[in-house]
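Taking the working numbering, the leading residue of the sequence shown gets 5, the next gets one more, and so forth. Every residue gets a Cβ at the ideal spot worked out from N, C-alpha and C, and that includes glycine. Please read the structure below before turning to the comments.
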Amino acid sequence: MPHSLRIVIVADPLPDLNPGHDTTVALMEAAQERGHELLCTTAARLRIRDTRTYAACRSVAVVPAKLADGHWTAVDDWYRAGPEQDVRLDDVDVVAMRTDPPFDGNYLNATYLLDQVDDRKVVMVNKPAGLRTANEKLFTLRFPDLIPDTLVTADPREIVSTVRRWGRAVLKPTDGMAGRGILQLRPDDSNLPSILELATLRGTRQVVVQRYLSEADHGDRRIIVLDGEPIGVVRRVAVPGEFRCNMAAGARAVADQVTPQDKQLCAAMAPDLAELGIVFAGIDVIGDRLTEVNVTSPTGIREIDALSGSDLPRLVVEAWERSCEDKRRTVV
Numbered sequence: 005m006p007h008s009l010r011i012v013i014v015a016d017p018l019p020d021l022n023p024g025h026d027t028t029v030a031l032m033e034a035a036q037e038r039g040h041e042l043l044c045t046t047a048a049r050l051r052i053r054d055t056r057t058y059a060a061c062r063s064v065a066v067v068p069a070k071l072a073d074g075h076w077t078a079v080d081d082w083y084r085a086g087p088e089q090d091v092r093l094d095d096v097d098v099v100a101m102r103t104d105p106p107f108d109g110n111y112l113n114a115t116y117l118l119d120q121v122d123d124r125k126v127v128m129v130n131k132p133a134g135l136r137t138a139n140e141k142l143f144t145l146r147f148p149d150l151i152p153d154t155l156v157t158a159d160p161r162e163i164v165s166t167v168r169r170w171g172r173a174v175l176k177p178t179d180g181m182a183g184r185g186i187l188q189l190r191p192d193d194s195n196l197p198s199i200l201e202l203a204t205l206r207g208t209r210q211v212v213v214q215r216y217l218s219e220a221d222h223g224d225r226r227i228i229v230l231d232g233e234p235i236g237v238v239r240r241v242a243v244p245g246e247f248r249c250n251m252a253a254g255a256r257a258v259a260d261q262v263t264p265q266d267k268q269l270c271a272a273m274a275p276d277l278a279e280l281g282i283v284f285a286g287i288d289v290i291g292d293r294l295t296e297v298n299v300t301s302p303t304g305i306r307e308i309d310a311l312s313g314s315d316l317p318r319l320v321v322e323a324w325e326r327s328c329e330d331k332r333r334t335v336v
């Protein structure tokens, strides 16, 4: 058994998490099983004192969810939290930032506070500067050969002309999650100008517009990436009457496998992810096109484990352990 680690999870409040679905809870279970101490906090409970970052944390013990008939089930009282304690983050081993978007001012401020943690000693998942840089809807633009035709603009007229040229398109807010605010655009929709006025706040807010890919009719694929390598994948198929493939929009999870093409895609992205300190990500693919890179709180592990019998949370925590050991050897 590895050396026991102190792991701080910066996430949404524990009562708001879904233990049968959320990757954050799956990682907590794996860390606890391997003998590590779990300390949970929220972005709002971070603060700076004497230039160092502290957090009001609670020590947490979890009751692991159980897999039955292909679904994870958890007891109502799935966690126990101890009294609040003041923790200097330089004194822990791992800080995992798992707060859900939106990437608003509060989220941005949290990353600045986490910048002050000494990452020569502490494993940051993911590095706060990388979280700021890798916007989940715009980071794909770094890989022009891998993405569908993409327009980023606040101009409704430009979007209309582009949709007429492409035939169909998908519009996404730059700061959304879980399929919220995603729209399918058609050139023959008489409401298109009105839709775009709302989506762009009358031409004052940029949105991402991607050419619609016909392969999306058969779902998209969420690939879990750890240290630049694909470790698992799930296909997400939209429910009838819905085009969004997000689990939060009711999509159905279907078993899938990592392909040689997936490995090539991840290899092409790996140097950029490593440069930014993005060690854990979820990338979304339709056909052979990269559509999103999720770095804030990538999910999908529960579904992959349920469908394939894998144990991805253990792989992730083992990677944290190796990173901590590397830091112990290099820090004087």
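Proximity of the stretch 71-80 to the stretch 123-140 falls short of the contact definition, fewer than three beta-carbon pairs being nearer than 8 Å.
Residue 57 is positioned such that its CB atom lies closer than 8 Å to that of residue 121. Residue 243 is classed as exposed because its beta carbon has fewer than 16 other beta carbons within 10 Å across all chains shown.
Going by DSSP, residue 52 is part of the beta strand (DSSP E) stretching over 50-53. CA-to-CA, the gap between residue 90 and residue 61 works out to about 6 Å.
Inclusion of residue 101 and residue 64 in the CB contact set at 8 Å is not warranted, their separation being larger than that value.
In the structure shown, residue 222 adopts helical secondary structure according to DSSP, grouped into three states. Residues 141, 186 and 212 of the same chain have their beta carbon placed closer than 6 Å to that of residue 176, with the five preceding and five following residues left out of the count. Listed in chain order, the non-local C-beta contacts of residue 147 below 7 Å within the same chain comprise 272, 273 and 294, local neighbours out to five positions each way being set aside. Positions of the beta strand (DSSP E) runs, each at least 3 residues long and wholly inside the stretch 50-117, are given as 50-53, 56-66, 70-72, 75-77, 83-92 and 98-102 in order along the chain. For the stretch 268-320, the full-length beta strand (DSSP E) segments reaching 3 residues or more read 284-290 and 293-298 along the chain.
Beta-bridge partners assigned by DSSP to residue 42: 11.
In this chain, residue 209 is not harboured by any beta strand (DSSP E), its DSSP state being neither H nor E.
As the crow flies, the alpha-carbon of residue 174 is around 9 Å from that of residue 217. Going by beta carbons, residue 98 and residue 328 fall inside the 8 Å limit. Annotation: residue 172 is outside any alpha helix (DSSP H) and is labelled neither H nor E by DSSP. If you look at residue 155, you'll find it isn't in any alpha helix (DSSP H); it sits in the beta strand (DSSP E) that goes 154-157. Taking all protein chains in view, the Cβ of residue 87 is surrounded by fewer than 16 other Cβ atoms within 10 Å, so the residue is classified as exposed. According to the DSSP assignment, residue 36 belongs to the alpha helix (DSSP H) that extends over 27-37.
Annotation for residue 135: the continuous alpha helix (DSSP H) segment containing it runs 132-137.
The beta carbons of residue 11 and residue 96 sit about 7 Å from each other, so the pair counts as a contact at 8 Å. Taking residue 231 as reference, the option from 55, 42 and 321 with the minimal CA-CA separation is 321. Within the same chain, and ignoring the five residues on either side of residue 112 in sequence, the residues whose Cβ sits closer than 8 Å to its Cβ are 136.
Collapsing the DSSP output to three states places residue 323 in a helix.
Under the DSSP definition of a beta bridge, residue 258 partners with 239. In summary, residue 214 is buried, with 16 or more beta-carbon neighbours lying within 10 Å of its beta-carbon over all protein chains present.
The Cβ atoms of residue 313 and residue 298 do not sit closer than 8 Å to each other.
The C-alpha of residue 220 is placed about 42 Å away from the C-alpha of residue 41. Cβ neighbours of residue 278 within its own chain (closer than 7 Å, five residues either side excluded): 232.
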